[in-house]
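The structure appears below as structure tokens.
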Amino acid sequence: MKAITEYRWFQTKRQRDYINVTDEVAGVVQKSGVREGMVLVSAMHITAGVYVNDAEDGIIQDIDEWLEKLAPSGVDYRHHRTGETNGDAHLKSLLIHHQVMVPVTEGALDLGPWQQIYYAEFDGRRRKRMVIKVMGE
Amino acid sequence: MKAITEYRWFQTKRQRDYINVTDEVAGVVQKSGVREGMVLVSAMHITAGVYVNDAEDGIIQDIDEWLEKLAPSGVDYRHHRTGETNGDAHLKSLLIHHQVMVPVTEGALDLGPWQQIYYAEFDGRRRKRMVIKVMGE
Amino acid sequence: MKAITEYRWFQTKRQRDYINVTDEVAGVVQKSGVREGMVLVSAMHITAGVYVNDAEDGIIQDIDEWLEKLAPSGVDYRHHRTGETNGDAHLKSLLIHHQVMVPVTEGALDLGPWQQIYYAEFDGRRRKRMVIKVMGE
Numbered sequence: 062m063k064a065i066t067e068y069r070w071f072q073t074k075r076q077r078d079y080i081n082v083t084d085e086v087a088g089v090v091q092k093s094g095v096r097e098g099m100v101l102v103s104a105m106h107i108t109a110g111v112y113v114n115d116a117e118d119g120i121i122q123d124i125d126e127w128l129e130k131l132a133p134s135g136v137d138y139r140h141h142r143t144g145e146t147n148g149d150a151h152l153k154s155l156l157i158h159h160q161v162m163v164p165v166t167e168g169a170l171d172l173g174p175w176q177q178i179y180y181a182e183f184d185g186r187r188r189k190r191m192v193i194k195v196m197g198e
Numbered sequence: 062m063k064a065i066t067e068y069r070w071f072q073t074k075r076q077r078d079y080i081n082v083t084d085e086v087a088g089v090v091q092k093s094g095v096r097e098g099m100v101l102v103s104a105m106h107i108t109a110g111v112y113v114n115d116a117e118d119g120i121i122q123d124i125d126e127w128l129e130k131l132a133p134s135g136v137d138y139r140h141h142r143t144g145e146t147n148g149d150a151h152l153k154s155l156l157i158h159h160q161v162m163v164p165v166t167e168g169a170l171d172l173g174p175w176q177q178i179y180y181a182e183f184d185g186r187r188r189k190r191m192v193i194k195v196m197g198e
Numbered sequence: 062m063k064a065i066t067e068y069r070w071f072q073t074k075r076q077r078d079y080i081n082v083t084d085e086v087a088g089v090v091q092k093s094g095v096r097e098g099m100v101l102v103s104a105m106h107i108t109a110g111v112y113v114n115d116a117e118d119g120i121i122q123d124i125d126e127w128l129e130k131l132a133p134s135g136v137d138y139r140h141h142r143t144g145e146t147n148g149d150a151h152l153k154s155l156l157i158h159h160q161v162m163v164p165v166t167e168g169a170l171d172l173g174p175w176q177q178i179y180y181a182e183f184d185g186r187r188r189k190r191m192v193i194k195v196m197g198e
């Protein structure tokens, strides 16, 4: 069995941002030499997410507006009594989920035609980290 | 380590549909010969999901109505400017999530008594694909 | 390849409850002897979830209120025609998701600084089960 673990850092300029990391993940898979296995892509923060969907600007904006509607900012969350102001970012992370597993088949990411892997930042403008772990042989 | 990858195709008659794939997944696990490991069941489209829940008609209809409430169709999504009309299907896929991992223990799916694996179609009436990947030994 | 599977039982006093299981999961990883791999933590019921987020009382209460808002109890769900009363617990389980994968790196859970693993009970006061499965080498 082979396993390889890499980390990627982000520091977005915007509070919320959506970054296509598919090529990054594919690069780690290639480097790993794994032919058959799986790769876990997971945010290492509780105010960020990782999801698989479309690389189309309109739907990305739709997703952002939808997350803001279902897990709004500007609410007086109990979490804010700690001095934090990012309660909504926690809920957005839970809603979109913070991780995905992608199958690795014949040495490549086994994604459908429109599936792209995104890192979703909900509390940006500071350094955040994502883990990419490939396992297989 | 053993790994086996199979694909299943769907073409539902309805726009939205929920298909119990537990037996299909169990069959692939059996065929793999894996005794201890995990199986990834993942939609290969950005307008479909895979989830684990109850095989009870009432709750399936509840789930459908709930998804429609939280990620409604008939909205003028930005994604529709591309000519698409399935913005809601993307959001429903994100909400229910597009994949599950099921433990394989002693050669069988290690599910709780009521847990069943469902493929959830949100933009049907055309060919869609799901991947089943077993890994273990 | 090594694999180890353990189960944990819960019987919460409250209908809904949130239990930090990070130390439990870390203990199973240590016992497994796995240095590089992944651990699946998954509810074995369709009315419970497992998620990764903050061990801060305020945000836990925010999460509970948010789940109750988006997947409310006290609704006449179709599922209730079976005699059940826990339709909301199914939807809450789907919303928060019922499982997570945590990377195991150098023999330990590879979590970010604030990431903690929670078992989320949505239909408590009876015995419920969670599976912890470590795979790697």
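Protein chains in written order, with the numbering used here: chain A, 62 to 198; chain B, 62 to 198; chain C, 62 to 198. The C-beta atom is built at its ideal place from N, Cα and C for all residues, glycine as well. Please read all numbers here as calculations on a predicted model, not as lab measurements.
(request) Please list, in chain order, all residues of the same chain as P133(B) whose beta carbon is under 7 Å from its beta carbon, the five residues on each side excluded. (result) D149
(message) Going by the DSSP bridge assignment, what does L101(B) pair with across the sheet?
(response) M162(B) and K194(B)
(message) Can you give me the C-alpha to C-alpha distance between W70(A) and A104(A), rounded to a whole angstrom?
(response) 10 Å
(request) Please confirm whether M162(B) and M196(C) have their CB atoms less than 8 Å apart. (result) no
(request) Answer yes or no: do I157(C) and E67(C) have a C-beta to C-beta separation smaller than 8 Å? (result) no
(request) Could you work out which residues of chain A lie near I178(B), taking near to mean beta carbons separated by less than 9 Å? (result) The premise fails here: I178(B) is roughly 15 Å from chain A at the closest Cβ pair, so nothing lies under 9 Å.
(request) Express the C-alpha separation of D184(C) and D171(B) in angstroms, rounding to a whole number. (result) 21 Å
(request) May I ask you to list, following chain order, the residues of the stretch 95-115 of chain C that have a beta carbon less than 8 Å from some beta carbon of chain A? (result) E97, G98, M99, Y112, V113, N114 and D115
(message) Give me the chain C residues within the contact set of K92(A), using Cβ-Cβ distance strictly less than 9 Å, ordered along the chain.
(response) Within 9 Å Cβ-Cβ: nothing; K92(A) doesn't reach chain C, min ~15 Å.
(request) Check whether the Cβ of Q160(C) lies closer than 8 Å to any Cβ atom in chain A. (result) no
(message) So W175(C) and D84(C) are supposed to be a Cβ contact under 8 Å. How far apart are they, rounded?
(response) Not really, about 15 Å apart at Cβ, beyond 8 Å.
(message) Using a Cβ-Cβ cutoff of 8 Å, what residues of the stretch 145-170 of chain A are near chain F? List them in chain order.
(response) The question asks about chain F, but that chain is absent: this structure's protein chains are A, B and C.
(message) Given a cut-off of 8 Å on the beta-carbon distance, is the pair K153(B) and G110(B) in contact?
(response) yes
(request) Go through its chain and collect everything with a Cβ distance to R187(C)'s Cβ below 8 Å, but skip five positions before and after it. (result) Q72
(message) Just to confirm, is the Cβ distance from Y179(A) to I107(A) under 8 Å?
(response) no
(message) Which residues in chain C have a C-beta closer than 8 Å to the C-beta of Y138(A)? List them in chain order.
(response) G119, I120 and D123
(message) Are the CB atoms of H140(B) and D123(A) within a distance shorter than 8 Å?
(response) yes
(request) Please compile the residues from chain A whose C-beta is within a distance smaller than 7 Å of the C-beta of M62(C). (result) M62
(request) Check the C-beta distance from G135(C) over to R190(A) and give it rounded, since I have them as a contact under 8 Å. (result) Actually they are not in contact, since the Cβ atoms of G135(C) and R190(A) sit about 41 Å apart, beyond 8 Å.
(request) Name the two residues that bound the continuous alpha helix (DSSP H) containing Q91(C). (result) T83 to S93
(message) At the level of alpha carbons, what is the spacing between V82(A) and G168(A)?
(response) 18 Å
(request) Would you mind reading off the limits of the alpha helix (DSSP H) that contains E167(A)? (result) That residue, E167(A), is in no alpha helix (DSSP H); it is neither H nor E in DSSP.
(request) Below 7 Å CB to CB, which residues in the same chain sit around E97(C) once its five sequence neighbours on both sides are set aside? (result) V165, T166, G197 and E198
(request) Provide the residue span of the beta strand (DSSP E) that contains G110(B), from first to last. (result) A109 to N114
(message) Helix, strand or coil for T143(C)? Go by DSSP, reduced to three states.
(response) helix
(message) Give me the chain A residues within the contact set of K194(B), using Cβ-Cβ distance strictly less than 8 Å, ordered along the chain.
(response) M99, P164, T166 and D171
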